[in-house]
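First the structure, in the form of structure tokens, and then the observations on it.
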Amino acid sequence: MARYDYRCTSCGTTFEVEHGMTEHPEVMCPSCGNATEKVFNASGIKFEGSGFYNTDQRGSGSCADAAGGCSCCQNA
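If you count by my numbering, then the sequence shown holds residues 539 to 614, one letter each, in order.
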């Protein structure tokens, strides 16, 4: 189950609802009972360290450990 923020289009109340990612329930405001809209927020995920960019390089031996090697090692 995922948690989603909803905002009432009438009174502006913001609240959280838990439902499945594939579900699209009709959510009503708990304060006034009017229609709501889903609020989209920026994620709090921050990628730091090595291994997240194309410019990062793997440690030595990672290519040779694969069964049969890889095309980068065989063409050397």
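Backbone N, C-alpha and C fix where the C-beta goes; we use that ideal spot for every residue, glycine too.
On a predicted model such as this, the values are computed, not experimentally measured, just so you know.
Out of the options, point me to the one whose CA is closest to residue i's CA.
i: A540; options: G550, T551, P563 and C549; result: P563
i: E554; options: F585, I583 and E575; result: E575
i: Q558; options: C567, G587 and Y542; result: With the sequence shown as reference, residue 558 is identified as Gly, and Gln is not the correct amino acid for it. Answer by Cα proximity: Y542.
i: E556; options: G587, K584 and Y544; result: Y544
i: C579; options: T552, S548 and T547; result: As written in the sequence, residue 579 is Asn, which differs from the Cys given in the question. The shortest Cα separation from N579 among T552, S548 and T547 belongs to T552.
i: C549; options: C570, E586 and T560; result: C570
i: V565; options: G582, F585 and C546; result: C546
Buried or exposed, going by whether 16 or more other CB atoms sit within 10 Å of the CB of residue i?
i: C567; result: buried
Using a Cβ-Cβ distance cut-off of 7 Å, determine whether residue i contacts chain D.
i: C549; result: Of the protein chains in this structure there is only one, and it is not chain D.
Quiz item: Fully enclosed by the stretch 545 to 579, which beta strand (DSSP E) runs are 3 residues long or longer?
Solution: The beta strand (DSSP E) runs of length 3 or more contained entirely in the stretch 545 to 579 are, from start to end of the chain, 552 to 557 and 574 to 577.
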